[in-house]
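Counting in this note's numbering, the sequence shown runs from 1449 upward without gaps. Notes for the one structure printed next.
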Amino acid sequence: MRTLGGDRSAFVVHPPVASRWKGGRDWVTGPVNHWFVRGYTRHDRVPDWLAASLVEDAARKLALVHRASIAIEPGILRLPGHALQLYDWALPDVLGHIDHLVTDMRRRERDPGHIRTVWAGLHRLRAERPGLALGPEGLTHHDLRPENLLVRDGEVVEIIDWDRAHWDVQWYDVALAGLHLASLRPADPRWDLTQVFIDAYGAESGFRLSVDALAWLFRFTAIRNFALTRSPGKWARLLHGVGEQWGDGSVLVDDLVA
């Protein structure tokens, strides 16, 4: 947060409290019990996320933060999978420990068809992963959705809730945000907003994924969140939608895309 706060991204990423640098570490300068209290940022209560201009602005702001995070020491962000909750695992950890996700689904008594879908889908994705260029790695928010983007007068003024951020493929944030945008209207998914976000982020970041890489990443993001979600209906619909949008040739497993 200190690094981002000193860069052009400072106007959308705010440290929770004031701190000072001493002995190679950040120290809170105010009452320690304020550390987990986020400062208030004036924002609109019901922003219009169906407006393409707002979606574009959000994508540009995300690209700005991603680019600024290059200055952060990688060791700070590279956390081993065992140090994270399963829900927060980075892409390599998910593909490398598929059994752990399946075990967790069984523990939560998920539908057997859901478990088979995740098992088949992740193994297929792992087999397809080699050779795909998924873009830069670095600081990744890992929970980018409209609720974590504060808006005022049609522009994003702060990206909040960075508690799950760590090192990962940064385009994962793009895919996750794109899927949340598509689901703003569940009965009539707004894939046009997803594309607006993709295009604006690509233009601002200067990096675009190939069609194959983008399709792979959206399938991964959808099935990863389907495995971990408490709202399987939403993510089942998104799995179908991803298959329709990118034509991945999926097979059907218990009426779900895998």
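The C-beta atom is built at its ideal place from N, Cα and C for all residues, glycine as well.
Query, Result
"Would residue 1708 be called buried (16 or more neighbouring beta carbons within 10 Å of its own) or exposed?", "No answer is possible for residue 1708: it lies beyond the span of the chain, which begins at 1449 and ends at 1706."
"Mapping the DSSP letters down to three states, classify residue 1552 as helix, strand or coil.", "helix"
"So does the stretch 1587–1600 actually touch the stretch 1615–1626, counting three or more Cβ pairs closer than 8 Å?", "yes"
"If you draw a straight line from the C-alpha of residue 1485 to the C-alpha of residue 1513, how long is it?", "In this prediction, residue 1485 has a pLDDT of 48, which is less than 50 and means its spatial position is unreliable; what the coordinates show is noted afterwards. Those two C-alpha atoms are separated by around 22 Å."
"Residue 1660 lies in the alpha helix (DSSP H); which residues open and close that run?", "1659–1676"
"Below 8 Å CB to CB, which residues in the same chain sit around residue 1639 once its five sequence neighbours on both sides are set aside?", "1630, 1689, 1693"
"Do you know offhand how far residue 1641's Cα is from residue 1649's?", "12 Å"
"If you run the structure through DSSP and keep just helix, strand and coil, what is residue 1694?", "helix"
"In the DSSP assignment, find the alpha helix (DSSP H) that holds residue 1650 and state where it starts and stops.", "1639–1653"
"Looking only at C-alpha atoms, which of 1677, 1493, 1682, 1667 sits nearest to residue 1724?", "Outside the displayed range of the chain (1449 to 1706) lies residue 1724, so it cannot be described from this structure."
"May I have a chain-ordered list of the alpha helix (DSSP H) segments no shorter than 4 residues that lie completely inside the stretch 1487–1519?", "1500–1516"
"Residues bridged to residue 1569 by DSSP?", "In DSSP, residue 1569 forms no bridge with anything."
"Answer with buried or exposed for residue 1676, where buried requires no fewer than 16 other C-beta atoms within 10 angstroms of its C-beta.", "buried"
"Residues in the same chain with beta-carbon distance under 6 Å from residue 1573, minus the five sequence neighbours each way, listed in chain order, please.", "1668"
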